[in-house]
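The structure appears below as structure tokens.
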Amino acid sequence: MRDGLVQDMRDYIVAIQTLGCSVNWEHGLAGAIDTDPETGNMTLSDRFAIHICDLSHWSISQRFADVFPEMRGYYQVSEQDTIPASKVDVEGFLEQRAQRRPGSDQRNADG
3 MRDGLVQDMR DYIVAIQTLG CSVNWEHGLA GAIDTDPETG NMTLSDRFAI
53 HICDLSHWSI SQRFADVFPE MRGYYQVSEQ DTIPASKVDV EGFLEQRAQR
103 RPGSDQRNAD G
């Protein structure tokens, strides 16, 4: 699989953006992102990193599987023609993280 992706990655990226894929993560951004309390730097949580590295957690749409049959067997195939993008409130997530961080401008402005 890796060799196939490396040969012409552009086609897979466009297909994934158009037809969709999912890592089937059910714990939201709060479970996927860790924030260093001192610096505010954000990184993937260990739990999310382990989850996304396991291909059995990934799903591709039926149309993606039809276009790239060589990918079957590596991922779950969803019966949907496309997998819609997740709806995530990134700005709300970032605001919450800023308010919890000691010394953040948001927190200082409030108190």
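The numbering of the sequence shown is our numbering, which starts it at 3 and goes up by one.
Ideal Cβ positions, reconstructed from N, Cα and C, are used throughout, including at glycine.
In this text the structure is predicted, and so the values were computed from the model without any measurement.
Query	Result
Beta-ladder partner(s) of Tyr77, from DSSP	Arg74
Beta-ladder partner(s) of Asp36, from DSSP	Thr45
Endpoints, alpha helix (DSSP H) assigned at Leu96	Val92 to Arg102
Limits of the alpha helix (DSSP H) - the one that Ala67 falls within	Gln64 to Val69
Cβ-based burial, Ile15 [other Cβ within 10 Å; buried from 16]	exposed
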